[in-house]
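Chemist: Be aware that the sequence shown starts at 1, since it is given in full-length UniProt numbering, and climbs by one per residue.
For each residue, glycine too, the CB sits at the ideal point set by N, CA and C.
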Amino acid sequence: RRIFPAYYLMIFAVLVFGRIFLTSYDQHLLAVDSGWSLAFLLNVHKYFQERDYFAEIANYDFLLHAWSLAVEIQFYCVAPLFALIAHRLRFGKILVPIVAIVSFVVHAKSTRELHFSSLPSRLWQFLAGSFAFEFHQRANVLPATGCKVVAVTATILVSPVMLFIPNNEFLCRLTVTAAATLIVARVSPSVNDSLKNETLLFIGDISYSLYLAHWPIIVFFRYIHHTDQLLFTDCLIVAQLSLLVAYLSYKTIEKYFVRENFSTTLVLVSLLFLSSIMMMNCPNGSFVLSEEQVIRSSVIEVMGEKLERTTFEANCFAFRYQDYRPKVVTSSMLQQAQVANERFLLYWPDHAPYSSPDPLVDKHFRSKSITVWLTAYHKNSGNSSIAVFGNSFAHRSFRAIVDAFGQRIKEIRLIANPGCPPFIGSIFTEIPEVECDSVLNASVELIEEMKPDIIFIIFRPSHPINSPIVDLSKDDQLNNIQHTIDRISAVTKRIILEYPLPVNIHRSYTPFLLERFRDANVSFDDVKIDYSVFWNEMKHIFKRMDNIKCSNCDRIYPHKIFCDFKICRVFDPENLYSFFDKDTHYNDYAMKCFQKVYSEIIQENYANGVIG
């Protein structure tokens with residue numbers, strides 16, 4: 001009666017706030033996590049996804065903290081069995097410690113996901129707590145001098161001095177273990193009396209509600225501010241708000257239902273459970289295609305051929321949840337995929353023949369003899385001015401952005417140079433001959449004169465912009481990014497920052513896929529990008545982008561279309577179509593889903609009155 005009402009209210013409240021503040025894509029991810037959380041199985045969900053808890057702390061996972069409650073409830077389900085074994089069986093008091101030892105071995109030897117979030121690896125901790133309770137009533141065993149030493153040690157352990165210990169895992173474990181031992185052992189009257197302090201008792205009373213509230217509040221603040229690390233003032237607000245919510249929850253929910261009978265609690269829990277299910281299954285906005293839309297558009301034209309829609313085409317936001325390998329491969333599928341993928345090898349978008357003369361490109365580039373390789377300019381009868389700025393990946397996405405805006409375009413301009421990240425001071429070391437400095441300065445000057453309503457920044461990073469970070473406060477690459485964003489944000493209403501996509505510069509996947517078609521025993525097991533490889537390559541640029549200070553920026557994460565936390569997909573398993581061209585750029589087939597991502601962020605900005 002204490003755990004369930006507050007827990008289900010927390011999930012429902014997170015879903016409500018998610019409807020208000022989250023993009024539709026993130027609402028979908030929250031709905032999936034909420035479903036597992038409602039069943040107290042979030043730790044199982046994380047295990048199947050092979051998600052790293054400490055890596056996820058840096059992401060917008062609103063229910064990440066629910067894994068521990070899931071493990072706790074799972075323990076409560078098996079606890080009666082252990083009590084029965086301990087008190088009814090002849091060797092029960094020996095068997096239970098053996099189970100605890102086995103659990104500790106599992107905890108020490110298992111992989112990170114199993115080690116951290118599973119009941120088998122955590123069981124020994126619950127049993128240790130049970131043993132501690134058994135010894136809770138024993139008398140103090142230390143003499144007076146020993147009690148004084150323990151009291152001084154305890155004072156140091158709980159004092160602010162401990163905040164200054166080095167961030168070392170061993171020291172942290174030692175400190176926490178020592179503090180827990182002093183609390184459990186009750187070997188000093190001074191320590192025992194200090195633990196009865198009213199402030200500590202109050203914190204203990206609200207601790208459960210505080211645990212439920214603190215993490216969603218932290219993540220919502222980070223989500224709204226588009227940052228990985230909150231400012232000190234925001235941290236103070238989060239702390240005070242968490243305490244306030246925890247206090248109200250304790251006073252109005254916990255205490256009330258602890259006193260109420262089981263049927264009253266069951267009614268509230270059932271209402272919250274059903275309401276949460278309704279929130280999860282009624283997405284806000286146009287995130288998922290309706291059944292009518294799917295039926296009306298059940299056939300599409302791809303590369304001049306009529307083909308049935310695959311899951312990727314019908315609802316690409318759910319694509320990452322299906323197996324990356326095909327369920328079945330037929331000769332006709334191979335033949336059609338062969339034709340399509342060979343065309344992907346040959347195709348490269350050329351916007352120049354359809355582009356209007358661009359006076360700003362003439363002014364800022366041609367008149368100064370600065371060569372910019374990838375530009376385009378279109379005018380229409382709409383009311384929105386758009387700029388697309390980046391390297392060849394921006395050039396590749398340009399048509400999808402044009403199609404996403406449709407008739408709303410007044411003017412749209414592409415400014416891109418191969419290799420060059422779109423931040424003043426950036427360089428492209430893979431091809432030293434590529435000149436970035438003059439192009440980037442001229443590009444930003446052009447944007448400042450254009451004053452677009454919205455600008456898309458799209459690029460593939462390379463060294464040194466994605467090099468390891470030594471000290472973020474002195475990081476030249478972050479300073480370059482921030483300086484450019486500051487200049488651009490002063491002249492535009494909205495900046496769309498697209499986070500980098502999974503690529504493999506050492507392997508071209510379309511030719512690799514075509515090679516597999518020729519094998520006698522076709523296998524696609526290794527036609528993928530390991531998520532760990534993608535993350536290790538991109539985590540530094542992600543961190544830099546997370547730390548950009550920009551009040552009028554939206555961040556989009558199209559890599560989530562293709563990646564779970566194990567692999568990133570490089571082809572559609574239902575028709576064997578590659579997502580790439582001959583190299584590392586995403587092709588027009590992949591751009592069908594990119595267009596939906598762009599359409600969604602555009603619609604949100606129009607709906608919120610940011611542009612229009």
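#1: Ignore the nearest five residues each way along the sequence and tell me which others in residue 297's own chain have a CB closer than 6 Å to its CB.
#2: Can you tell me whether residue 265 is helix, strand or coil according to DSSP?
#3: Is residue 360 helix, strand or coil when you go by DSSP?
#4: Are the CB atoms of residue 611 and residue 403 within a distance shorter than 8 Å?
#5: Buried or exposed for residue 605, going by 16 or more other Cβ atoms inside 10 Å?
#6: Beta-carbon separation of residue 341 and residue 76 under 8 Å?
#7: Please classify residue 36 as buried or exposed, where buried requires at least 16 neighbouring CB atoms within 10 angstroms.
#8: Rounded C-beta distance between residue 534 and residue 502? I'm assuming under 8 Å.
#9: What residues are listed by DSSP as bridge partners for residue 375?
#10: For the candidate residues 357, 450 and 459, whose alpha-carbon lies nearest to that of residue 391?
#11: Please name the residue, chosen from 263, 448, 595 and 575, that lies closest to residue 328 on a Cα-to-Cα basis.
#12: Assuming residue 446 and residue 360 make a contact with CB atoms under 8 Å, what is their CB distance in whole Å?
#13: Does residue 39 come out as helix, strand or coil in the three-state DSSP assignment?
#14: Taking the straight line between their C-alpha atoms, what separation do you get for residue 89 and residue 255?
#15: Three or more C-beta pairs under 8 Å: does that hold for the region 410-425 against the region 371-380?
#16: So which of 93, 96 and 43 has the shortest CA-CA distance to residue 72?
#17: In the structure shown, what three-state DSSP assignment does residue 574 receive?
#18: Which of helix, strand or coil does DSSP assign to residue 119?
#19: Helix or strand or just coil, what does DSSP make of residue 554?
#20: State yes or no: is the C-beta of residue 561 nearer than 7 Å to some heavy atom of the ligand SAH?
#21: Considering only DSSP beta bridges, list what residue 337 is partnered with.
#22: On the DSSP letters alone, give me the boundaries of the beta strand (DSSP E) that residue 569 sits inside.
#23: Could you have a look at residue 533 and say whether DSSP puts it in helix, strand or coil?
#24: Kindly indicate which three-state DSSP category residue 609 falls into: helix, strand or coil?
#25: What are the boundary residues of the beta strand (DSSP E) that residue 613 is part of?
#26: Less than 8 Å between C-beta atoms, sequence neighbours within five positions excluded: which residues of the same chain meet that for residue 573?
#27: Measuring CB to CB, does residue 567 end up less than 8 Å from residue 528?
#28: Give a yes or no on whether 8 Å exceeds the smallest Cβ distance from residue 474 to chain D.
#29: Kindly give me the distance between the Cβ atoms of residue 424 and residue 380, rounded to whole angstroms, as I take these residues to be in contact under 8 Å.
#30: Can you tell which of 215, 278, 117 and 477 has the C-alpha that lies nearest to the C-alpha of residue 19?
#31: At which residues does the alpha helix (DSSP H) containing residue 435 begin and terminate?
#32: Have a look at the DSSP bridge pairing and note the partners of residue 494.
#33: What is the rounded straight-line gap between the Cα of residue 6 and the Cα of residue 126?
#34: Report yes or no: do three or more beta-carbon pairs, one from the region 204-215 and one from the region 244-261, lie closer than 8 Å?
#35: Considering only the alpha carbon of each residue, which of 515, 592 and 27 lies closest to residue 313?
#36: Residue 528 bridges to which residues according to DSSP?
Modeler: Reading from the atomic positions:
#1: Low local confidence applies: a pLDDT of 34 at residue 297 is under 50, so the model's placement there is unreliable, and no value is given.
#2: helix
#3: helix
#4: no
#5: buried
#6: no
#7: buried
#8: 4 Å
#9: 415
#10: 459
#11: 575
#12: 5 Å
#13: coil
#14: 37 Å
#15: yes
#16: 43
#17: coil
#18: helix
#19: strand
#20: As for the ligand SAH, it is missing from this structure, which has no ligand bound.
#21: None; residue 337 has no bridge partner.
#22: 567-569
#23: helix
#24: coil
#25: The question about residue 613 has no answer here: the residues shown for the chain are numbered 1 through 612.
#26: 322, 323, 324, 325, 326, 327 and 524
#27: yes
#28: No chain D is part of this structure, which consists of one protein chain only.
#29: That belief does not hold up - the Cβ atoms of residue 424 and residue 380 are roughly 30 Å apart, past 8 Å.
#30: 278
#31: Neither: residue 435 is in no alpha helix (DSSP H) and is coded neither H nor E.
#32: 454
#33: 22 Å
#34: yes
#35: 592
#36: 569
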